[in-house]
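Working notes for the structure below.
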Amino acid sequence: MPSIFSYQSAEVDWCEGNFERSKVIAEYYNTVNGTTLLSLLLAPLNFLLLEGAVLQLSCQVGLSLLLAGIFSVYFHMTLSYVGQLLDELSILWTLAVAYSFWYPKIYFPRCIKSRKHFFWLTGVTTVISTLMSFIKPAFNAYGLNCIAFHLLYLTWRELKKCNDKRVHRMAAVMVVWWVLAISSWISDRWFCGLWQAISFPYLHSFWHVLIAMSLLYCCPLVMYFDVVYELPSFKPKLGYWPSDSWPVVVPYVALEEPHKQC
Ligand SMILES: CCCCCCCC/C=C\CCCCCCCC(=O)N[C@@H](CO)[C@H](O)/C=C/CCCCCCCCCCCCC
Ligand SMILES: [Ca+2]
Ligand SMILES: [Zn+2]
């Protein structure tokens, strides 16, 4: 019986051929492009521009993202059962940490009276989901992708209340990257035969880059709304480093003089 650590013991095998470019790396391009997820750490770096509590929270989210990137690389390198679960569970827990800290209080269920209670609700839900994830690991990724739809819904609710064109623009760019990302993920999962027929089974590695791009825009946006709700005396402003007009930019959120925007 193969060990849960052994190569190719995972329930899922992505479209890219295994061991075609290396004897030790199962899916070479998926592994190499998995490292782009580590660039997500750039997003929490934005928060260095913020202060106190906000900076503290970003460290926890940054650490979870780092683990998600490392486990993604390990999974595609080995395609092991443990690799798959570590990849999926690290994403689940990163989302849990992000939700616990950033989920706006106005959207809390009626029975939840404080962020402390919300922490407990998120914690219990995540522990139950973690246990359930062992039942049929191949379904876990579908569940995780559904969370993006909830984020889309929250974004839409917030945009309805906000007149800042920069916020609308950043949200639009985030959604475009996400649509490209999820299309690549689904195409690789469902239409592998087609991609193999045209010798282009690399869409999952594109997904890694595209979802990282989407998150790069998502994080400053979420932080922007967090400041609006939690630090109402500050005025957050979205920007692009090094400048708006450059073709390659890193989005960020900065704090300006005290004033409420949205
Ligand atoms: C108020 C909440 C704020 C949430 C902020 C978001 C914080 C970031 C959370 C999670 C990081 C996700 C990192 C993705 C790593 C992908 C690794 C990967 O490719 N794994 C695959 C196997 O190799 C696996 O099949 C994929 C599983 C699906 C992952 C779905 C992640 C959804 C994350 C939500 C993205 C939001 C983007 C904006 C949406 C409009
Ligand atoms: Ca494969
Ligand atoms: Zn992957």
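For the record, in the sequence shown the residue sitting at position 93 is 93 according to the UniProt record's numbering, with numbers rising by one throughout. Glycine residues also receive a C-beta, built at the ideal position from the N, C-alpha and C atoms.
Shorter than 7 Å, the distance from the beta carbon of residue i to the closest heavy atom of ligand 2, or not?
{"i": "W246", "result": "no"}
{"i": "C15", "result": "yes"}
{"i": "E20", "result": "no"}
Following a CB-centred definition, is residue i positioned closer than 7 Å to any heavy atom of ligand 3?
{"i": "N145", "result": "no"}
{"i": "N30", "result": "yes"}
{"i": "G34", "result": "yes"}
Please check the pair residue i and residue j, which I expect to be a contact at CB under 8 Å, by giving their CB distance rounded to whole angstroms.
{"i": "E16", "j": "P201", "result": "5 Å"}
{"i": "P137", "j": "L85", "result": "6 Å"}
{"i": "F92", "j": "L154", "result": "Strictly speaking, residue 92 in this sequence is Leu, with Phe absent from that position. Going by Cβ atoms, the distance from L92 to L154 rounds to 18 Å, so no, they are not a contact pair."}
{"i": "I135", "j": "L95", "result": "Not quite, the Cβ-Cβ distance comes to about 19 Å (not below 8 Å), so this is no contact."}
{"i": "I4", "j": "Y81", "result": "4 Å"}
{"i": "N18", "j": "S205", "result": "With a Cβ gap of about 14 Å, N18 and S205 do not count as contacting."}
Going by beta carbon distance, what residues of the same chain come within less than 6 Å of residue i, once the five residues before and after it are set aside?
{"i": "S151", "result": "The displayed chain sequence assigns Leu, not Ser, to residue 151. None."}
{"i": "F75", "result": "G83, Q84, D87"}
Starting from residue i, follow the alpha helix (DSSP H) in both directions and report where the run begins and ends.
{"i": "A96", "result": "81-102"}
{"i": "L194", "result": "192-197"}
{"i": "P137", "result": "137-160"}
{"i": "residue 272", "result": "Residue 272 cannot be examined here, being either before or after the span of the chain that is shown, 1 to 262."}
{"i": "T31", "result": "28-34"}
{"i": "residue 266", "result": "This structure cannot settle anything about residue 266, because the visible part of the chain is limited to 1 through 262."}
{"i": "W207", "result": "203-230"}
Beta strand (DSSP E) containing residue i: first to last residue?
{"i": "L238", "result": "235-241"}
{"i": "A254", "result": "250-256"}
Using a Cβ-based criterion (distance less than 7 Å to any ligand heavy atom), does residue i qualify as near ligand 1?
{"i": "A98", "result": "yes"}
{"i": "Y103", "result": "yes"}
Examine ligand 4 and report whether any of its heavy atoms sits within less than 7 Å of the Cβ of residue i.
{"i": "C219", "result": "No copy of ligand 4 appears in this structure; the ligands present are ligand 1, ligand 2 and ligand 3."}
Here's a check: name, in chain order, each residue in its chain whose Cβ is nearer than 7 Å to the Cβ of residue i, leaving out the five neighbours to either side.
{"i": "R21", "result": "Y28"}
Keeping to the same chain, check which residues put their C-beta closer than 8 Å to that of residue i; ignore five residues upstream and five downstream.
{"i": "D13", "result": "L79"}
Does the structure place the segment 222-236 close enough to the segment 82-102 that three or more beta carbon pairs sit under 8 Å? yes
Quick test of the definition: if touching needs 3 or more C-beta pairs under 8 Å, does the segment 207-225 touch the segment 170-182? yes
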